[in-house]
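The sequence shown stops at residue 519 when you use our numbering, and every number in between is there.
Comments concern the structure below.
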Amino acid sequence: MRRAERREQILDAATRAFARAGFAGTGLDDVALEAGISHVILYRHFDSKAALYRAVLERACERLAEQTGTDDFDDDAIPALLRAAAADPDGFRLLFRYAAREPEFREFVDLITATSTEVAQKNLAKRIPAGPWLEWASRLIPTLTIEAVIAWLDAGQPEPGQAPERIRQIIHGAIAAAHPNVDESAAAADS
């Protein structure tokens, strides 16, 4: 097997192994067994478990960015996110469920969160007035979206054609909750 193919085989196996037990619960023995290779071959590609985990997370980030883009939320954003999650569910879970709990690897999630919040704020500013509720919605909507996708994966990926619209409904609910309610403002002024 060529070096690049072997590396991909190892990354695939490591993604599955780490997704089952997380970083702390997975040893290099588990990865070698999952890949069907010896420790010698594994160490030719990765000098430590941390280096392997970092490579798995980097690959998951690259795949996610390739499928979803990074700077706009349009009509295809949610379907693209769902397709990316369905194509690599273990990698998606590693990024958003496991890496967030690993201080050594938290930077991956922090970067995605910061970027998502910035893009959300840019897009939501067209619909929500500037202020604390725009900030709140900009932080909440990416989190809701990711959690909705993980819940969809965990539920067995039901009705892939319907899932984007259901997630959009959640997002629209958060947008509505962040937007000033005219009736409440008028009632407060009358008091």
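Yeah, the Cβ is synthetic: ideal placement off N, Cα and C, and Gly gets one too.
Because the structure is a prediction, the values reported are computed rather than measured.
For residue i, is the classification buried or exposed, using 16 other Cβ atoms within 10 angstroms of its Cβ as the cut-off for buried?
{"i": "residue 429", "result": "exposed"}
{"i": "residue 434", "result": "exposed"}
{"i": "residue 371", "result": "exposed"}
{"i": "residue 363", "result": "buried"}
{"i": "residue 444", "result": "buried"}
{"i": "residue 412", "result": "buried"}
Roughly how many whole angstroms lie between the Cα atoms of residue i and residue j?
{"i": "residue 453", "j": "residue 374", "result": "44 Å"}
{"i": "residue 492", "j": "residue 368", "result": "44 Å"}
{"i": "residue 348", "j": "residue 458", "result": "42 Å"}
{"i": "residue 355", "j": "residue 460", "result": "44 Å"}
{"i": "residue 393", "j": "residue 508", "result": "33 Å"}
{"i": "residue 494", "j": "residue 472", "result": "12 Å"}
Can you tell me whether residue i is helix, strand or coil according to DSSP?
{"i": "residue 518", "result": "For residue 518, the predicted structure reports a pLDDT of 41, less than 50, and the residue's modelled location is therefore unreliable. The matter cannot be settled from this model."}
{"i": "residue 455", "result": "coil"}
{"i": "residue 365", "result": "coil"}
{"i": "residue 424", "result": "helix"}
{"i": "residue 466", "result": "helix"}
{"i": "residue 351", "result": "coil"}
{"i": "residue 492", "result": "helix"}
Contact the segment 430-437 vs the segment 491-504: 3+ CB pairs below 8 Å: no
May I ask you to verify whether the segment 383-403 touches the segment 447-467, counting CB pairs closer than 8 Å and requiring at least 3? yes
With a cut-off of 8 Å, do at least 3 Cβ pairs link the segment 416-426 to the segment 472-490? yes
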